[in-house]
Amino acid sequence: MAVPASIEVFLEAKRPLNRMLSALLLVVVFLGTLVAGSDSTALGLAAIALLFPIGLFSDRTALRRYLLALALFAFTALAFGQLARFLPSATFVSGFALRFASPVVAGSMLLAAMLLWLLLKHVNPARLSRLRKPYWIALVALVLLAAIALVLLNTTLSNVPLGGAARYLRFSPSWGTDRGQIWMFAARLYDRYTPLQHIFGAGPGALFHADAMQRVFPDAALDSAHNEYLQYLLVSGALGLAAYLFALGSALRSGIRKSAVFPAARGLSVALVAYAVQAVVNIAQPMTTPIAILIVGVLVSRPSEFPAASA
């Protein structure tokens with residue numbers, strides 16, 4: 001969530017000193033992202049990279065600065081990739097970070113971002129604004145095609161060799177550091193619920209109690225479904241999950257409507273989407289979930305009556 005918020009600060013900075021400080025902030029946040037040690041980071045970053053431009057087509061300057069942010073991320077990753085080989089913590093860096101920080105991947109992204117930045121300088125703003133709808137259509141088509149491909153690779157095309165990508169694209173009990181096994185156990189548990197529990201859930205200790213009665217792993221206790229939505233379904237039932245999804249949807253709708261007059265809502269909305277995407281494979285944690293709830297509150301709050309300070 002820190003990445004889109006920091007990018008928004010960079011986009012809105014107007015004074016030279018603020019631009020320099022916001023660029024430094026981006027470098028620090030990017031480094032923190034690269035050393036996160038989790039491949040799920042890729043999900044959030046993909047959501048950020050694809051969604052942020054939607055709100056920028058009407059502002060050529062902001063879109064070009066966004067491309068500079070991408071170039072800065074690529075440069076940071078490139079430098080990090082070279083340093084990581086000599087750092088004692090290199091073995092704890094996620095596979096995604098190591099691959100992205102390679103000269104081929106990071107270097108290609110750096111060149112592509114800078115090339116687009118140069119090309120946009122000569123694009124008519126009115127023409128650029130008209131590209132928003134085609135981009136939306138292409139993005140939706142891309143998501144649908146990816147979903148269809150994922151289903152086919154796990155059904156009809158399950159025998160097609162994928163090499164190292166199979167660990168990400170082929171579902172199995174061991175998928176995602178045994179998340180597949182955990183999800184299947186959680187699904188069976190929900191299926192055994194009473195009709196009332198299906199609606200309202202079985203409480204915070206439901207999964208832990210079920211695991212104590214029938215261990216999923218012999219050497220570890222299971223108290224989380226490692227999928228926030230599945231966790232809410234077990235704890236609060238279908239009604240609780242529906243309420244949570246409604247809160248997220250309402251906040252995003254409000255954020256999109258506010259972004260025209262309150263630019264910070266743009267970055268916060270993208271941050272919330274990134275959190276929601278990563279929540280598919282993550283656990284609600286004290287250092288992230290409260291911030292997501294705070295973002296929901298900011299997005300649905302009434303506009304301030306005080307003028308915003310100039311950046």
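Be aware that the sequence shown starts at 1, since it is given in UniProt numbering, and climbs by one per residue. Heads up, the beta-carbon is just placed ideally off N, CA and C, and yes, glycines get one too.
Element boundaries [alpha helix (DSSP H), containing residue i]
i      : result
Leu120 : 103-120
Arg266 : 264-278
Phe32  : For the record, residue 32 in the displayed sequence is Gly; it is not Phe. From DSSP, the alpha helix (DSSP H) with Gly32 extends over 16-34.
Ile283 : That residue, Ile283, is in no alpha helix (DSSP H); it is neither H nor E in DSSP.
Val3   : 2-12
Gly95  : 95-100
Arg60  : 60-84
Gly44  : 41-51
Member of the options whose CA lies at the smallest distance from the CA of residue i
i      : options                     : result
Val29  : Leu17, Asp59, Leu70, Asp39  : Leu70
Thr61  : Arg188, His122, Thr177      : His122
Gly107 : Leu83, Leu78, Ala149        : Leu78
Gly164 : Ala212, Leu87, Arg99        : Arg99
Ala186 : Ser301, Ser224, Ser158      : Ser224
Gln181 : Val281, Ser259, Arg192      : Val281
Val300 : Arg257, Thr289, Leu152      : Arg257
Arg253 : Ala42, His209, Val270       : Val270
Gly32  : Leu21, Gly205, Val3         : Val3
Asn124 : Leu21, Ser58, Thr41, Ile293 : Ser58
Ala260 : Leu56, Ala47, Arg65, Arg15  : Leu56
Ala36  : Arg19, Gln231, Met1         : Met1
Gly297 : Trp175, Gly205, Ser250      : Ser250
Cutoff 8 angstroms; reference residue i; Cβ partners in own chain excluding five residues on either side
i      : result
Ser102 : Gly81
Ile54  : Arg132, Tyr135, Trp136, Leu139
Val160 : Leu153
Same chain, Cβ closer than 6 angstroms to residue i, neighbours up to 5 away in sequence not counted
i      : result
Leu67  : Ala113, Leu116, Trp117
Phe306 : With a pLDDT of only 44 at Phe306, under the threshold of 50, the placement of this residue in the model should not be trusted; the figure read from the coordinates follows. Cβ neighbours of Phe306 beyond the five flanking positions: none.
Leu294 : none
Glu228 : Ala279, Ala284
Own chain partners of residue i with C-beta closer than 7 angstroms, once the 5 adjacent residues on each side are dropped
i      : result
Leu239 : Ile199, Phe200
Gly44  : Ala274, Val277, Gln278
Thr76  : Val27, Phe30, Leu31
Leu169 : Leu150, Leu153, Leu162
Asp39  : Ser94, Gly95, Phe96
Ala42  : Phe96
Ile291 : Met1
- Query: At which residue ranges does the UniProt domain "O-antigen ligase-related" (108-245) contain complete alpha helix (DSSP H) runs of 4 or more residues, listed in the order of the chain?
  - Reply: 125-129, 132-153, 166-169, 175-191, 195-200, 206-213
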